[in-house]
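Enquirer: Numbering (this note's numbering), first residue to last: 22 to 693.
In this text, a Cβ means the ideal position worked out from N, Cα and C, and glycines have one as well.
Computed from a predicted model, the values in this text were never measured in an experiment.
Okay, handing you the structure first.
Below, the structure written as C-alpha cells:
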C-alpha cells in the first residue's frame, strides 16, 4: 500500500507450462491486475529486438510472432533457401503452448526432395542437418549485416536490383543506396569491404548475390541473430536485400524469420484460427519495462532510459513476484543480476523445484507441475489443441498457481474479480468454448467440450490455400498498404531518424558490436562464445532430470571448441575448463568439434546457476554461460538482449569442480 502498483513487478518471464489456463505468468498478471496493477514487461527475450524494429520497417511484428510463408508453398516454389543462423533440428522440438506434431524434419526433407538448394550462413557447420547437404558459409558471429551489405552492393554493381519493386513497394531506398555505394561516407560496402569483417571470401559473397538474383529464393534468419548488440541491423538488412531482389510476396520468395528457431514456424495453419488464451484483464498501472532491462531497472530506480522513441524512467520496485520462469537462467550477466536482486524488499516465487530463482527468493510457494492439474494445451504455430488430463494428485503441499492466487485474492478482498466465480473446470470450459466460438467465425467447427475432453485432442483442418507473407500487399499495395507511415516497406525510416539515436541509424548500417572478434577485447578474450538452446531440455526446465544430467560431462555443461582452438590451448575432450571474461567465470567440460569456425566456442544454456560463494564475481561451477554474457540493450530503439555479443577465454581447470545446483537447500523446519 505504501508504494502502490508502481512498486510491484509482475512482468514474470518464462515458458511455464504448455497449459494455457494454468499458464503461470498469465495467472500472475490476472491476479495483480485484479488487485490494483503492477509494473509489467514489454517484449521478450526470444525476439524482443524484432518486436520493436519490424513495425517501423514493415508495419507488423507478425513474421516473428505469427505466420511466415508456409512450407507447403516453399516446397512448391522455392529453389534456394539461404538460412542465416541455420536450421538446427533440436530447436524444432519445442513450441510455446506445446507442439501437436514435430514437423520440422519432415518439412526440411520434403524441401530437399523437391530439389531446393540450401545455404547455411553460420559459424557452426552443425546448424544444419546432414541430410540437407547444405553449402556451409562459415561466418564470424555478429557480422551478418556486413555480409548482407556486401551482397547488396554486388547487386547494384551488376545492375541486378529490382528497381521497379523498390519504386512501387518501398520508400527510402535512395538514402540507403548512398550509404551502400559510399556516396555518403566514401566507403563502398562492397564484397571486398565485407570480406575481412565477416571472414568470408569476397568471391563467395559475390557468387551468392548473383545466384540469389537468378533464383526464386527465401532468405530466412533465426531469432538468435537479433539477440546481439545492434541486433536490429541484420533483420532490417535482410528485409532490404529481399526487397532489392524483388521477390517479397511471390510464392516461395521473400524473407522469413525463425524457421530454425522453434517448432511450428512455417507449418500450415488456417488463417484466423484461434488458440486458447487466459484473459489477464487490463493493467490499472501504466508502467512497463523492456524485458531485458531487468537488472538496469533494479539498479537504477528513477533513472532515465530511451526506448522506441520515448524517454522513460525506471520504477522503484519494492516487491518482485515471479511465477513460471527462471531469470537466473535466461537473463544476462547473472552475477550482476544477483547483486541487483537484493534491492527489492521482498521476492515471492512460485516453483515446482529448487531452481536458482527459488533459492534467491524470500518466499517460495510450492506449485503443482503439469502432471498434477487439468489444462488445455496448444501452440499458435500448428493445428492442434489437446486436453491435458491430470495424471496424479498434487504432492504434499503443492497447489495450482490459480488456487494460490485465489486464496491471496480472497484475503485481499478481490477474489470475485480474479476468479470470476469459476473453478479449474469452469475456466477450462470457458477457454475452450471461447476458442470454439472464435474458430467457428473463421470457418472451423470444433466439437462440444465433452467430446473434445474425452477424445483428448482436436486437429484443425489443413488450410486450402498456402500462406505467402505479404502476397496481398504485393498484389495491390494501395488496397493492402503496410501499417508503416508510408504504407510501404521502409528501407529508410523517417520516424527512426526523428529519434536521433546514435546506436540505431534510420537505415540498415554496419555497426561493430561492443564485443566481437574484430574488437580490441579479442586480444584478451579471443573466443566468441555463442549460446544455444540445449538439445536435452527446454531452456532450464528439467535440468535435474536424467536426460539432461546424462548430456553433461563430469557434472558440467559442455563447451565446444574447434580443433585448432583446443589444440593451441593443449585441451582435449573431457577436460574441465574455466571459461571466463571480465564479468565472470564458469566451469565447463571440453568437447572438440571439427565443424566449428576457429575463434568460436559454443555452449548450451540451461545449466542451473551454481555460484561457489556469495562473492559478486564467484566462480559458477555448473556451466551457465550467462555469467559471461553482456547485459546491454541492443540499442535505444528496442532495448533487447545482447547475449550473443560475448568474448571469452578458456583455460584448463585443476581445482575443485563439484557442482551442487541440484542439491536442495537444508530445511530447518517443516510442517503442515
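1) Our contact map puts residue 320 next to residue 382 with C-beta atoms below 8 angstroms; I'd like the distance itself, whole angstroms only.
2) Drop a sphere of 10 angstroms on the beta-carbon of residue 102, count the other beta-carbons inside from all chains shown, and report buried for 16 or more, exposed for fewer.
3) Near residue 477, which residues of its chain fall below 6 angstroms by C-beta distance, leaving aside the five closest residues on each side in sequence?
4) Check whether the Cβ atoms of residue 618 and residue 145 sit closer than 9 angstroms, and answer yes or no.
5) Suppose you measure from the CA of residue 560 to the CA of residue 466; what does that come to, to the nearest Å?
6) Could you spell out the range, first to last residue, of the alpha helix (DSSP H) harbouring residue 409?
7) DSSP three-state call for residue 591: helix, strand or coil?
8) Roughly how many angstroms separate the alpha carbons of residue 633 and residue 480, rounded to a whole number?
9) To the nearest angstrom, how far is the alpha carbon of residue 435 from that of residue 56?
10) Would you mind sorting residue 62 into buried or exposed? The rule is 16 or more other CB atoms within 10 Å of its CB.
11) Using three-state DSSP, classify residue 230 as helix, strand or coil.
12) Roughly how many whole angstroms lie between the Cα atoms of residue 372 and residue 688?
13) Per the contact definition of three or more C-beta pairs closer than 8 angstroms, is the stretch 398-408 in contact with the stretch 653-673?
14) What are the boundary residues of the alpha helix (DSSP H) that residue 96 is part of?
15) Among the candidates 258, 252 and 155, whose CA atom is the shortest distance from the CA of residue 168?
16) On the DSSP bridge assignment, give the partners of residue 388 in chain order.
17) Label residue 42 either buried or exposed according to how many other C-beta atoms from any shown protein chain fall within 10 Å of its C-beta, with 16 as the threshold for buried.
18) How many angstroms separate the CA atom of residue 375 from the CA atom of residue 39?
19) Grab me the residues of residue 178's own chain with a C-beta within less than 8 angstroms of its C-beta, minus the 5 sequence neighbours each way, in chain order.
20) Which stretch, first to last residue, makes up the alpha helix (DSSP H) that contains residue 536?
21) Alpha carbons only, please: which of 199, 357 and 283 is nearest the one belonging to residue 108?
22) If you draw a straight line from the alpha carbon of residue 781 to that of residue 338, how long is it in whole angstroms?
23) Does the beta-carbon of residue 597 have 16 or more other beta-carbons within 10 angstroms, so that it is buried, or is it exposed?
24) To which residues of the same chain is residue 538 closer than 7 angstroms at the C-beta, ignoring the five residues directly before and after it?
25) Just mark residue 636 as buried or exposed, buried being the case when its beta carbon has 16 or more other beta carbons within 10 Å.
26) Which two residues bound the contiguous beta strand (DSSP E) that contains residue 238?
27) Relative to the alpha-carbon of residue 76, which residue among 579, 512, 610 and 690 has its alpha-carbon at the smallest distance?
28) Quick one: what's residue 632 bridged to in DSSP?
29) Cα-Cα, which of 149, 222 and 232 is closest to residue 181?
30) Would you tell me roughly how many angstroms separate the C-alpha atoms of residue 525 and residue 458, rounded to the nearest one?
31) Which residues in the same chain as residue 514 place their Cβ atom closer than 6 angstroms to its Cβ, once the five residues preceding and following it in sequence are excluded?
32) Less than 9 angstroms between the beta carbons of residue 627 and residue 680, yes or no?
33) Within 8 angstroms, do at least three Cβ pairs link the stretch 662-675 to the stretch 579-593?
34) Can you tell which of 32, 49, 648 and 489 has the C-alpha that lies nearest to the C-alpha of residue 357?
35) Which residue from 155, 157, 208 and 289 puts its Cα closest to that of residue 88?
36) When you compare the stretch 306-325 with the stretch 29-39, are there three or more beta-carbon pairs, one atom per stretch, that lie closer than 8 angstroms?
Expert: Working from what's here:
1) For the purposes of this step, residue 320 is taken as residue 299 along the chain shown, with counting starting at 1. For the purposes of this step, residue 382 is taken as residue 361 along the chain shown, with counting starting at 1. Rounded to the nearest angstrom, the Cβ distance from residue 320 to residue 382 is 19 angstroms, too far for a contact under 8 angstroms.
2) Here residue 102 refers to the residue found at position 81 of the chain shown. Residue 102 is buried by the Cβ-count criterion.
3) Within the chain shown, numbered from 1, the residue matching residue 477 stands at position 456. Excluding positions up to five away in sequence, the list reads 408.
4) For the purposes of this step, residue 618 is taken as the residue at position 597 of the chain shown. For the purposes of this step, residue 145 is taken as the residue at position 124 of the chain shown. Yes.
5) In the chain shown, residue 560 corresponds to position 539, counting from 1. In the chain shown, residue 466 corresponds to position 445, counting from 1. Rounded to the nearest angstrom, the two C-alpha atoms are 35 angstroms apart.
6) Taking the chain shown and counting its residues from 1, the one referred to as residue 409 is at position 388. Where residue 409 is concerned, there is no enclosing alpha helix (DSSP H), although the beta strand (DSSP E) it sits in stretches over 405-409.
7) Walking along the chain shown from the start, residue 591 turns up at place 570. Coil.
8) For the purposes of this step, residue 633 is taken as the residue at position 612 of the chain shown. For the purposes of this step, residue 480 is taken as the residue at position 459 of the chain shown. Roughly 49 angstroms between the two C-alpha positions.
9) Residue mapping note: residue 435 aligns to position 414 of the chain shown, counting from 1. Residue mapping note: residue 56 aligns to position 35 of the chain shown, counting from 1. Separation of residue 435 and residue 56 (C-alpha to C-alpha, rounded to the nearest whole angstrom) is 6 angstroms.
10) What you label residue 62 is simply residue 41 of the chain shown in a count that begins at 1. Classification of residue 62: buried, given that the 10 Å Cβ count is 16 or more.
11) Here residue 230 corresponds to residue number 209 of the chain shown, with the count starting at 1. Helix, per DSSP.
12) Within the chain shown, the letter at position 351 stands for residue 372. Within the chain shown, the letter at position 667 stands for residue 688. The alpha-carbon of residue 372 is positioned some 16 angstroms away from that of residue 688.
13) With a cut-off of 8 angstroms on Cβ pairs, the stretch 653-673 is not in contact with the stretch 398-408, counting fewer than three such pairs.
14) Taking the first residue of the chain shown as 1, we reach residue 96 at position 75. Per DSSP, residue 96 is one residue of the alpha helix (DSSP H) stretching across 92-98.
15) By 1-based counting over the chain shown, the position of residue 168 is 147. Measuring from the Cα of residue 168, the nearest candidate turns out to be 258.
16) In the chain shown, the residue the question calls residue 388 occupies position 367. For residue 388, which the question treats as bridged, DSSP gives the partners 420.
17) Indexing the chain shown from 1 puts residue 42 at position 21. By the 10 Å Cβ count, residue 42 comes out buried.
18) Here the question's residue 375 lines up with position 354 in the chain shown. Here the question's residue 39 lines up with position 18 in the chain shown. Their Cα atoms are separated by approximately 20 angstroms.
19) In the chain shown, counting from the first residue as 1, residue 178 sits at position 157. For residue 178, where only same-chain residues beyond five positions count, the Cβ hits under 8 angstroms are 211.
20) Walking along the chain shown from the start, residue 536 turns up at place 515. Where residue 536 is concerned, there is no enclosing alpha helix (DSSP H), given that its DSSP letter is neither H nor E.
21) As a working note, residue 108 is residue 87 in the chain shown. The option with the nearest alpha carbon to residue 108 is 283.
22) Since the first residue shown for the chain is 22 and the last is 693, residue 781 is missing from the structure and cannot be characterised.
23) The sequence position of residue 597 within the chain shown is 576, counting from 1. It is buried - the Cβ of residue 597 has at least 16 other Cβ atoms within 10 Å.
24) Translated into the one-based positions of the chain shown, residue 538 becomes position 517. Cβ within range, chain order: 161, 549 and 620.
25) Mapped onto the chain shown, residue 636 falls at position 615. Per the 10 Å Cβ criterion, exposed.
26) Counted from its first residue, the chain shown places residue 238 at position 217. Per DSSP, residue 238 belongs to the beta strand (DSSP E) from 238-242.
27) Residue 76 sits at position 55 when you count from the first residue of the chain shown. For the residues 579, 512, 610 and 690, the minimum Cα distance to residue 76 belongs to 512.
28) As a first step, residue 632 must be located in the chain shown, where it is residue number 611. Note: residue 632 sits in a beta bridge opposite 641.
29) Along the chain shown, read from residue 1 onward, the residue named residue 181 stands at position 160. When C-alpha distances from residue 181 are compared across 149, 222 and 232, the shortest belongs to 232.
30) Taking the first residue of the chain shown as position 1, residue 525 is located at position 504. Taking the first residue of the chain shown as position 1, residue 458 is located at position 437. Rounded to whole angstroms, residue 525 to residue 458 spans 43 angstroms at the Cα level.
31) For the purposes of this step, residue 514 is taken as the residue at position 493 of the chain shown. 77 and 527.
32) Your numbering for residue 627 matches position 606 in the chain shown. Your numbering for residue 680 matches position 659 in the chain shown. It is not a contact, given that the beta carbons lie outside the stated cut-off.
33) Yes, the stretch 579-593 touches the stretch 662-675.
34) Indexing the chain shown from 1 puts residue 357 at position 336. Per the C-alpha coordinates, the member of 32, 49, 648 and 489 positioned closest to residue 357 is 648.
35) Stepping through the chain shown from its first residue, residue 88 is reached at position 67. Among 155, 157, 208 and 289, the Cα nearest to that of residue 88 is on 289.
36) Under the 8 angstroms Cβ criterion, the stretch 306-325 counts as touching the stretch 29-39, having at least three qualifying pairs.
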